[in-house]
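Enquirer: One structure is given below, represented as structure tokens, and several questions about it will come after.
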RNA sequence: GGGCUCGUGGUCUAGCGGCUAUGACAUCACCCUUACAAGGUGAGAGUCGUCGGUUCAAAUCCGACCGGGCCCACCA
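Okay, here's the thing in structure tokens:
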């Protein structure tokens, strides 16, 4: 069919996306004999609409999926939605203006469900509008179906992995100092802590030496912790305090005796140079207490209030307690002065913004310290694109110092599947395969001690860290626990695509947990992407107001320019993309050429009879040999997740070689209606066949990126689905024409005509072309209307 | 504070020891040419972040510094 439309519009595109949703091409066939290429797509949080960073990275994943499908692989490209954890709860609390700590658990869970129902449709729709084709758009149990991490099925698998790890003796419960978020009332992992510069104040308070009554001024930022002070230290080189070595000091306000020692942890130029060690103001304190084998005095409760250890500060919140003790000490002269510190690095909960407190809690841990060497080996062996990102993972593994705390005291997450036997105090586990909620379900079974009375078991109320769920996504999508045969046949997962900022969380935890469960490196390849930043190179954030809504781009330009932009802007695995509407818009113009040249080529068709009667000329072989180079570059590039260089090459080829030179030269042969230059029927047919074959290959090569337009053209011209085609292979054609000679000669003619203010149709008096173009003599003479054409070393053009 | 990473015409990008540094977008000039004015042809625009070093030769290797980003960290 001939293409008539002036241009490819976003309306045509939307119609195609709707067609695709019904197209079996993208569905996943569980019983396939093909090699499976599985993509562990990052399940996005859908508590807010997807932003431009999501859109861009999923578009690149769609490139990968489309390319792999064409190479003959069965592509597993499922859509997952992450619906567990604190972000969901916080969004729900905000949106419905409720406080979960004041609700029943069922009510809290209800609000989360409500939020998720209201927001998920919008996100899913945005993906579709980008032309991203997942295997499925509805939730289900089949491989490739959309999944949600809060579904019964997913949670059952999460629970099963816990049961397995518990039985492997890899999980233990321990009373340890944890990072406590007093606002959310939960333990948080190191990965969920950020450090903020917050203003602080040194409070110079007065300690007294026990026997001499000498006053010692100590600077502290946490005066409310005086009650838990267990020692005072100064630097061994600090002559101001050397005489205090081994003395006993009396704390102010609480009048408790504490030892005074020299220790290198104290720095001479910080504060007053002498410091009190409390349990626990910060991580220094924790390490110090462990080192000195000091008994901690925990004075802060889980809810961020002081307890009875703090004397009359008991019951007050930390800030209130600080205020009270400061006022009181000021009045009694125990506090000399307050000076602001330079910005004070404060550990803050990433999710809630509350300052982290360090308290002791009973939590479950997954062993990871024992596996650091193994993890390092895995980090060194998994294939990472770009290889430079490997270092992020290695650095993180090196810095791990505690086991992974996997339990949380929140509501909307996977429930820990166990009960405690009231009789013997041991834990009993749920059976694998079914999602259980021990906090509202009774245990039916028998404890090792013989207890089988359902009322004699206490259901666990804690839930899992959200990374405990997300870290099994590659297992889940490959049917782990649910379809063991499929899983065994098709694991490990082919690709993990993800952002560099979650290497230490999602990537690390997945490699760790899935190794502990399967003893495999769970991924063949890991593709780590950088970020979409604003025009000036700054990170986009809602608070800065520099975010770009992908809907705006899609509504204004459609998906095609955006997809092209994702490819041509650079390699996202190596660099950030600066997002500008202007550049996205102009990216769209780059492929107008493909549309127009397709319109031209579609004017020519051959009958079956004519197809047999072709005699390629040298220029036909030349364009074929150039396309061979493109095939090679695209194949190598795409395989290594480089869509940038091949796309730029293909687009440039279409315009600078194919349209400008090949099409210009053969169009007279294709029309073959110039009485002065007649071609034979088989020469004419060769032109048409080469035009059509070349375009066909070009469309195939660019199909992963320019998915919709190429689909449209291909269907019109060749009546097939380009995305279901076999990836093109080289024809190994050779040509005597030197590309550079051809391009330079044509350019010289065009320039000469322009300089002589001639029309392109006007004749050229005489010209000398490079020797390698001798085989195209007839055609270049006709193309440029050259009256006298000779060949030599140098290009000479005499226009008039 | 430490580690990693990036820094190439106005903007983005290729190159990662060796011809006059690749290409795009934007800018300017001219041009309707049997696909294309949402186009074509051509032009201008860069001391390859800065400063040193290695080399016959450096955008490319090394060091220091500056700037962006990510990650980590015990400053009372």
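In this note's numbering, the protein residues as written are 1 to 800. Here a beta-carbon is modelled for each residue, glycine too, at the ideal position from N, C-alpha and C. Predicted, not measured: the structure shown is a model, and the values here were computed from it.
#1: In whole angstroms, give me the CA-to-CA distance for residue 250 and residue 304.
#2: According to the Cβ coordinates, are residue 84 and residue 505 closer than 9 Å?
#3: Select from 595, 494, 780, 760 the residue whose C-alpha is nearest the C-alpha of residue 619.
#4: Please report the straight-line C-alpha distance between residue 392 and residue 637, rounded to a whole angstrom.
#5: Starting from residue 362, follow the beta strand (DSSP E) in both directions and report where the run begins and ends.
#6: Using the C-alpha atoms, what's the distance from residue 112 back to residue 603?
#7: In whole angstroms, what separates the C-alpha of residue 86 from that of residue 410?
#8: With distance defined between alpha-carbon atoms, name the residue in 677, 527, 475 nearest to residue 510.
#9: Would you call the stretch 691-709 in contact with the stretch 58-70, where contact means no fewer than 3 C-beta pairs closer than 8 Å?
#10: Alpha carbons only, please: which of 662, 650, 572 is nearest the one belonging to residue 642?
#11: Can you give the Cα-Cα distance for residue 563 and residue 531, rounded to whole angstroms?
#12: Going by C-alpha to C-alpha distance, which of 353, 496, 462, 253 sits closest to residue 478?
#13: Helix, strand or coil: which one does DSSP assign to residue 792?
#14: So what's residue 733 in DSSP terms, helix, strand or just coil?
#15: Just how far apart, CA to CA, sit residue 447 and residue 453?
#16: Which whole-angstrom value describes the C-beta separation of residue 405 and residue 187, a residue pair presumed to lie in contact below a C-beta threshold of 8 Å?
#17: Quick one: what does DSSP say residue 658 is sitting in, helix, strand or coil?
#18: Quick one: what's residue 459 bridged to in DSSP?
#19: Does the Cβ-Cβ distance between residue 486 and residue 143 come in under 9 Å?
#20: Which one or two residues does DSSP pair with residue 167 in a beta bridge?
#21: Ends of the alpha helix (DSSP H) at residue 692?
#22: Are the Cβ atoms of residue 383 and residue 524 separated by less than 9 Å?
#23: Residues in its own chain within less than 6 Å of residue 219 by CB, not counting five upstream and five downstream?
#24: With a cut-off of 8 Å, do at least 3 Cβ pairs link the stretch 156-163 to the stretch 50-57?
#25: Do residue 597 and residue 654 come within 9 Å of each other at the CB atom, strictly closer than that value?
#26: Using a Cβ distance threshold of 8 Å, determine whether the stretch 415-428 contacts the stretch 368-388, with at least three qualifying pairs required.
#27: Do residue 233 and residue 193 have their beta-carbon atoms positioned less than 9 Å apart in this structure?
#28: Looking only at its chain, what residues have a beta carbon closer than 6 Å to the beta carbon of residue 297, apart from the 5 residues adjacent to it on each side?
#29: Can you give me the C-alpha to C-alpha distance between residue 138 and residue 146, rounded to a whole angstrom?
#30: Given a threshold of 16 other Cβ atoms within 10 Å of its Cβ, counted over all protein chains shown, does residue 802 qualify as buried or as exposed?
#31: Ignore the nearest five residues each way along the sequence and tell me which others in residue 25's own chain have a CB closer than 7 Å to its CB.
#32: What do you reckon, are the CB atoms on residue 760 and residue 766 nearer than 9 Å?
#33: Note down, in chain order, each residue of its chain lying with its Cβ closer than 7 Å to the Cβ of residue 846, except the 5 sequence neighbours on either side.
#34: Rank 647, 300, 777 by C-alpha distance to the C-alpha of residue 361 and give the top, closest one.
#35: State the Cα-Cα distance for the pair residue 473 and residue 630, rounded to the nearest angstrom.
#36: Could you check if residue 211 is buried or exposed, using at least 16 other CB atoms within 10 Å of its CB as the buried criterion?
Expert: The short version:
#1: 27 Å
#2: no
#3: 780
#4: 24 Å
#5: 357-366
#6: 57 Å
#7: 8 Å
#8: 475
#9: yes
#10: 572
#11: 16 Å
#12: 496
#13: strand
#14: coil
#15: 9 Å
#16: 6 Å
#17: helix
#18: 419
#19: yes
#20: Its beta-bridge partners do not exist; DSSP assigns none.
#21: 681-702
#22: yes
#23: 202, 204, 271, 272
#24: no
#25: yes
#26: no
#27: no
#28: 228, 279, 309
#29: 5 Å
#30: The chain is shown from 1 up to 800; residue 802 falls before or after that span and cannot be answered.
#31: 721, 723, 724
#32: no
#33: Shown here, the chain extends from 1 to 800; a query on residue 846 therefore has no answer.
#34: 300
#35: 36 Å
#36: exposed
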